[in-house]
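In order, the protein sequence lines correspond to chains G and L.
Numbered by the numbering used here, the letters in the first sequence go through residues 1 to 261 in order.
Numbered by the numbering used here, the letters in the second sequence go through residues 1001 to 1299 in order.
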Amino acid sequence: MKKGRIRCSAIYQAVLLALMYLPIVVVVVYSFHASKSTIRWQGWSLDWYRKLAGNRGLLEALKNSLILAGLSSGAAGVIGTLGAVGMARVNWKSKGAVEYISTLPIMIPEIILGMVFMAFFAAMGLPFGMVTLVLGHTSFCIPYVFMMVKSSLVGLDKSLGEAAKDLGASEVRVFFDITLPLIMPAVLSGMLLAFAMSLDDVVISIFVTGARTNTLPIRIYTQLKSGVTPEINALCTIMLAVTFVIVGLSRMLGKKAPARG
Amino acid sequence: MSGYNKIINQSGTGAEKKTKGHWWMTVAPLYGFTILFVALPILYLIILSFLTRAQTWGVVNQFTLENYARIVKPVYLNTFKESFQLAILTTITTLLVGYPFGYFMARLPRKQKSFMMLLVVIPFWTSALMRMYGWIIIFRSNGILDKILMGLKITEKPLKLLYSYPAVLVGMIYSLLPFMILSVYSSTDKMDWSLVEAARDLGATRLKAFLTVTVKMTLPGILSGIVLVFIPSMGLFFIADILGGGKVMLVGNLIQNQLQSGRDWPFAAALSVVLMIFTSIMIWLYRKLSGVKDLEGLL
């Protein structure tokens, strides 16, 4: 009886997983399709990968996306890590409120965040482009790093830092020599998460980008509305492979993170 | 939060007090960024929603409630209603489909559990647009789905599913399902199974034990899943755009239209404020009902 139940649940999970992967598999398969049409199958080819290598607009957008994700997750890494470490020490009244507001960017619907930034940057007179993109993306990258580091700090052995201090190490020294190495896995996995989120973001990017700065998701979005060439499939397939590597790395780092409280 | 208090309580020594002066430097960037680029912009949006739209371009600094009054007009109210309907439908379906998945996942042996987690998370990390494109290829007239259905003689003509309400619904459910699964999983995983066993020992049937004990104990996960699915589903305008082909209008689409073609920023701001209020109410309700401060399974 028990065995039968388990088998049922396994079938259910398998079916649902198959459905989850179906659209991804479809995109990957058609990236190797010999023809542009998705109506009838006309054999395998690597044409779209070759064409992709020559598509400068698409590669430019990819480059922008990587720069953007790198800058925002990097900035979030510094601000979020320092913030989480410091917040555990300071005892200010405003602490709770600031922490709450800082996580708002991942709590409110993306479209509102996009609108908020668009209106604000326009009012400030900032030129729309890479600067506004980085500011917008940093705002939603910080919470990921902050929350990861915060939860890893809970399980941290305080006596190590105190021992170092007793031996005469300065606060700064303790941070760089003891605390940072210990929370590094959490910092990196938070940053990788933030990087992936930034790389994939359409909604906020659409609102805060300038006419001349394209990111990859924006480009894909415009193509999806007008007409897609399978070079997009090829690019998506490559990015999927990259995602596998990133997720794998992040999980490896996550496993090394100190036990959560 | 308890972690903080623990750390603060432990560190109230004399040596700590002397060095406390420098810690403001570590939180300064977070404070600065949060105030300048999160709090201030949101505040500006709220102010903007009370300003008047200029005749041709831009905004006039004149107080008005007109923007909020316009939302109550049937055209816009209808959009809110439709958005709500779609969001509720999406939430219910993801709960029904995702709960068993998350529940079974938490009951797997340890090794299989982390592998299953990886399998659920991967589609989640792939480009949302890429997955939507996959659905376009599947739903397209004479596309994969039509071929299969016509091949099996279930339907005779192409269904024309792309650019329809069902397509948008599938896209929404598909995109948001992992949130529900992970939320349910994380609270089922933490559950104390001895309580279920106790209920069974006391003569409850398996179904009754599930309904009275398990569901109650996984309630934080269920509620968190509902919040995590419901909130984004109001604003995911690009799914309605790509799979609905402009036929399905959500609050998100309305805001985007007002911003980009309508050029009516104050009205778009008012719409956003209303949506933001809904969101806050939901999160507040969640905290009240579950007594948990952070959303279950968010990370």
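Even for Gly, the Cβ is constructed at its ideal location relative to N, Cα and C.
Computed from a predicted structure; not experimentally measured.
Problem set entry | T1052(L) (DSSP reduced to helix, strand or coil) | Numbered from its first residue, the second sequence carries residue 1052(L) at position 52. Strand at T1052(L).
Exercise. So what's W1284(L) in DSSP terms, helix, strand or just coil?
Worked result: Position 284 of the second sequence, counting from 1, holds the residue named residue 1284(L). Reduced to three states, the DSSP call for W1284(L) is helix.
Exercise. Between the region 166–195 of chain G and chain L, which residues of the former have a C-beta closer than 7 Å to a C-beta of the latter?
Worked result: E171
Exercise. Nearest to M1130(L) by alpha carbon, out of P1266(L), N1253(L), I1242(L) and Q1260(L)?
Worked result: For this step, residue 1130(L) is matched to residue 130 along the second sequence. Checked all of P1266(L), N1253(L), I1242(L) and Q1260(L); the closest Cα to M1130(L) is I1242(L).
For this session: May I ask which residues mark the beginning and end of the alpha helix (DSSP H) holding F32(G)?
Result: Within the first sequence, residue 32(G) is the residue found at index 32, counting from 1. F32(G) -> no alpha helix (DSSP H), and no H or E assigned at all.
Problem set entry | Same chain, Cβ closer than 8 Å to A61(G), neighbours up to 5 away in sequence not counted | If you number the first sequence from 1, residue 61(G) lands on position 61. Answer for A61(G): N214, T215, L216, I218 and R219, listed in chain order.
Exercise. Using Cβ-Cβ distances below 8 Å, what residues of the region 1268–1286 of chain L are close to chain G?
Worked result: A1268, A1269, S1272, L1275, M1276, T1279 and I1283
Exercise. What did DSSP end up calling V1121(L) once you bin it into helix, strand or coil?
Worked result: Position 121 of the second sequence, counting from 1, holds the residue named residue 1121(L). Helix, per DSSP.
For this session: Count the CB pairs spanning the region 219–234 of chain G and the region 129–144 of chain G that are closer than 8 Å, and state whether there are at least three.
Result: no
Problem set entry | Local conformation of K1023(L) per DSSP, three classes | Within the second sequence, residue 1023(L) is the residue found at index 23, counting from 1. Reading the sequence as shown, one finds Trp at residue 1023(L) and not Lys. Reduced to three states, the DSSP call for W1023(L) is coil.
For this session: Select from P1232(L), W1284(L), Q1260(L) and M1249(L) the residue whose C-alpha is nearest the C-alpha of Y1076(L).
Result: Taking the first residue of the second sequence as 1, we reach residue 1076(L) at position 76. Considering only alpha carbons, the answer is M1249(L).
Problem set entry | L180(G) burial status per 10 Å Cβ neighbour count (16 or more: buried) | Counted from its first residue, the first sequence places residue 180(G) at position 180. Exposed: under 16 other Cβ atoms inside 10 Å.
Exercise. Just how far apart, CA to CA, sit N1253(L) and W1023(L)?
Worked result: Position 253 of the second sequence, counted from the first residue, corresponds to residue 1253(L). Position 23 of the second sequence, counted from the first residue, corresponds to residue 1023(L). Cα to Cα, the separation comes out at about 44 Å.
For this session: Starting from the N-terminal side, write out each stretch of the alpha helix (DSSP H) that is 4 residues or longer and does not extend beyond the region 1197–1243 of chain L.
Result: 1206–1209 and 1219–1235
Problem set entry | S1194(L) versus R1200(L): straight-line alpha-carbon distance, rounded | Sequence index remark: in the second sequence, residue 1194(L) carries index 194 (1-based). Sequence index remark: in the second sequence, residue 1200(L) carries index 200 (1-based). Each residue's Cα considered, the two are about 10 Å apart.
Problem set entry | Cβ-based neighbour list, T1279(L), same chain, cut-off 6 Å, excluding 5 preceding and 5 following | Position 279 of the second sequence holds residue 1279(L). Contacts found: I1231.
Exercise. Counting pairs of Cβ atoms below 8 Å between the region 146–155 of chain G and the region 187–198 of chain G, do you hit three or more?
Worked result: yes
For this session: Would you tell me roughly how many angstroms separate the C-alpha atoms of E231(G) and M252(G), rounded to the nearest one?
Result: Against the first sequence, residue 231(G) aligns to sequence position 231. Against the first sequence, residue 252(G) aligns to sequence position 252. Cα to Cα, the separation comes out at about 32 Å.
Problem set entry | According to DSSP, residues forming a beta bridge with V245(G) | Along the first sequence, read from residue 1 onward, the residue named residue 245(G) stands at position 245. Note: V245(G) sits in no beta bridge, so no partner.
Exercise. S152(G) versus chain L: which residues are under 8 Å apart at the beta carbon?
Worked result: Along the first sequence, read from residue 1 onward, the residue named residue 152(G) stands at position 152. The contacting residues do not exist; S152(G) stays about 10 Å from chain L at best.
For this session: Go to D1146(L), then tell me how far its alpha helix (DSSP H) extends in each direction, as first and last residue.
Result: Taking the first residue of the second sequence as position 1, residue 1146(L) is located at position 146. Where D1146(L) is concerned, the enclosing alpha helix (DSSP H) stretches over I1144 to G1151.
For this session: Leaving out five residues on either side along the sequence, give the residues of the same chain with a beta carbon under 7 Å from the beta carbon of P258(G).
Result: On the first sequence, residue 258(G) is found 258 positions in, with the first residue counted as 1. Confidence at P258(G) is low in this model, with a pLDDT of 47, below 50, so the placement of that residue should be treated as unreliable; the coordinate-derived value is given next. If we look at P258(G) and ignore the five residues flanking it on each side, its Cβ neighbours are S152, G155, L156 and L182.
Problem set entry | C-alpha gap between A1270(L) and L46(G), whole angstroms | Numbered from 1 along the second sequence, position 270 holds the residue referred to as residue 1270(L). Numbered from 1 along the first sequence, position 46 holds the residue referred to as residue 46(G). Computed Cα separation, rounded: 50 Å.
For this session: With distances taken Cα to Cα, identify the nearest neighbour of G1245(L) among V1215(L), L1162(L) and F1267(L).
Result: Walking along the second sequence from the start, residue 1245(L) turns up at place 245. Closest option to G1245(L), Cα to Cα, is L1162(L).
Exercise. What three-state label does DSSP hand W41(G) in the structure shown?
Worked result: The residue you call residue 41(G) lines up with position 41 of the first sequence. Correct three-state label for W41(G): coil.
Exercise. Of all the CB atoms in chain L, is at least one closer than 8 Å to the CB of L62(G)?
Worked result: Against the first sequence, residue 62(G) aligns to sequence position 62. No, because no Cβ of chain L sits closer than 8 Å to the Cβ of L62(G).
Problem set entry | Straight-line Cα distance separating A88(G) from V1027(L) | As a working note, residue 1027(L) is residue 27 in the second sequence. As a working note, residue 88(G) is residue 88 in the first sequence. Roughly 10 Å separates the two Cα atoms.
For this session: Could you check the C-alpha separation between A164(G) and R1110(L) for me, to the nearest Å?
Result: Residue mapping note: residue 164(G) aligns to position 164 of the first sequence, counting from 1. Residue mapping note: residue 1110(L) aligns to position 110 of the second sequence, counting from 1. Approximately 37 Å, taken between the alpha carbons.
For this session: Could you tell me whether the Cβ of D200(G) comes closer than 8 Å to any Cβ of chain A?
Result: The displayed structure is made up of protein chains G and L, and chain A is not among them.
Problem set entry | Inside the region 158–199 of chain G only - alpha helix (DSSP H) runs reaching at least 4 residues | 158–166 and 171–174
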